[in-house]
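The block underneath contains the structure these notes are about, expressed in structure tokens.
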Amino acid sequence: MARIPEADLLLAVMGAPHASDLVTSVLRIAEAVVGQGGRVQVWTCGYATMLTQASLGAAKPRNVVDWSRDYPSTAAVVRDLIAASAGALSWYSCRFCGEERGVTAHIPEVRVRPPFKFGEHVAAARKTLFTGVI
Amino acid sequence: MIETQGPWAGPGCARFLADAADLLAAGDRVCLFLLQDGVTAAVGTTLSEVDGLLAAGATVWVDRFSVDQRALTAAARPAGVELVDVDRVASALLDPDVRAVWH
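Protein sequences, first through last, are from chains Z and R.
When the letters of the first sequence are read in order and numbered with my numbering, they come out as residues 301 to 434.
When the letters of the second sequence are read in order and numbered with my numbering, they come out as residues 860 to 962.
Printed below as a string of structure tokens:
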């Protein structure tokens, strides 16, 4: 495991993605902070670990009332956000939470970390924001 | 202080805003950012705690995107509440003198 990069902001995503528009908020904040020159880490726990599982593929199932529109999967959105950040955005996922929910493989841009390493990420970040509750 | 739940989710929103009032009374500068369902605390029928914070000198921001997503753009907001984009929040989060709490 490479050294944890220092960050201006660690966004710990604890809440379930399907419960609210929490993930949208996290992505918006991460993008905005990176856009202002900040460095961001995102750590997902609980059901948020499923956002970046490889089996999601690049697109969501087709919308039957808008057949030709492309809806990117959350994994694709995260992948594109990481690619556009030029190294300013790192995405981590909790191994325990993921394995407990059947997430066996993430997209390559996401690093899987054991839960007891979370403290190292907090230490590497100037500011930590806990979002939601598992 | 970032409120995302709003008054319809239970008393947690009012309690969180009361915490903001306590910090303000203790001499801290407080900015309340209402996000997601949290915008309902200051759109339409305003939560009394929001009015109290405004009267006590807190800054109150409402997320423009969340308001638009909920078709509440035309709903009344109390004087002093500012519609902001997430860039303003990002700027505050990058300020080393700012501490952030999410509810």
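We put the beta carbon where it would ideally sit given N, CA and C, even for glycine.
> Between the C-alpha atoms of D910(R) and C397(Z), what's the straight-line distance to the nearest angstrom?
Replying inline: Position 51 of the second sequence holds residue 910(R). Position 97 of the first sequence holds residue 397(Z). So the alpha carbons of these two residues sit roughly 41 Å apart.
> DSSP state of E420(Z), grouped into three classes?
Replying inline: Indexing the first sequence from 1 puts residue 420(Z) at position 120. Correct three-state label for E420(Z): helix.
> Taking all protein chains shown into account, do 16 or more other C-beta atoms lie within 10 angstroms of the C-beta of W867(R), making it buried, or fewer, making it exposed?
Replying inline: Stepping through the second sequence from its first residue, residue 867(R) is reached at position 8. By the 10 Å Cβ count, W867(R) comes out exposed.
>> Please identify the residue among R888(R), V960(R), D878(R) and E941(R) whose C-alpha is closest to the C-alpha of E908(R).
In response: The residue given as residue 908(R) occupies position 49 in the second sequence. Closest option to E908(R), Cα to Cα, is D878(R).
> With distances taken from CA atoms, which of C872(R), A885(R), L894(R) and R874(R) is nearest V940(R)?
Replying inline: The residue labelled residue 940(R) in the question sits at position 81 within the second sequence. Ranking C872(R), A885(R), L894(R) and R874(R) by Cα distance to V940(R) puts L894(R) first.
> How would you list, in chain order, the residues of chain R whose beta-carbon sits under 7 Å from the beta-carbon of L310(Z)?
Replying inline: Walking along the first sequence from the start, residue 310(Z) turns up at place 10. The premise fails here: L310(Z) is roughly 11 Å from chain R at the closest Cβ pair, so nothing lies under 7 Å.
> How would you write the range of the alpha helix (DSSP H) that G365(Z) sits in, first residue to last?
Replying inline: One-based indexing of the first sequence puts residue 365(Z) at position 65. First, the residue type needs correcting, since residue 365(Z) is Val and not Gly in the sequence shown. Here V365(Z) belongs to no alpha helix (DSSP H), and DSSP marks it neither H nor E.
> Can you list, in chain order, the residues of the segment 917-934 of chain R whose Cβ is nearer than 9 Å to any Cβ on chain Z?
Replying inline: D922, F924, S925 and Q928
> Going by DSSP, what residues sit across from V410(Z) in a beta bridge?
Replying inline: Position 110 of the first sequence, counted from the start, is the residue given in the question as residue 410(Z). According to DSSP, which records beta bridges pairwise, V410(Z) is partnered with W391(Z).
>> Measuring straight from C-alpha to C-alpha, what distance separates Y392(Z) and D370(Z)?
In response: Locating residue 392(Z) in the first sequence gives position 92, counting from the first residue. Locating residue 370(Z) in the first sequence gives position 70, counting from the first residue. Answer to the nearest angstrom: the Cα atoms are 26 Å apart.
> Within 10 angstroms of its Cβ, does K360(Z) collect 16 or more other Cβ (buried), or is it exposed?
Replying inline: Reading the first sequence from its first residue, position 60 is the one you call residue 360(Z). Label assigned to K360(Z): exposed.
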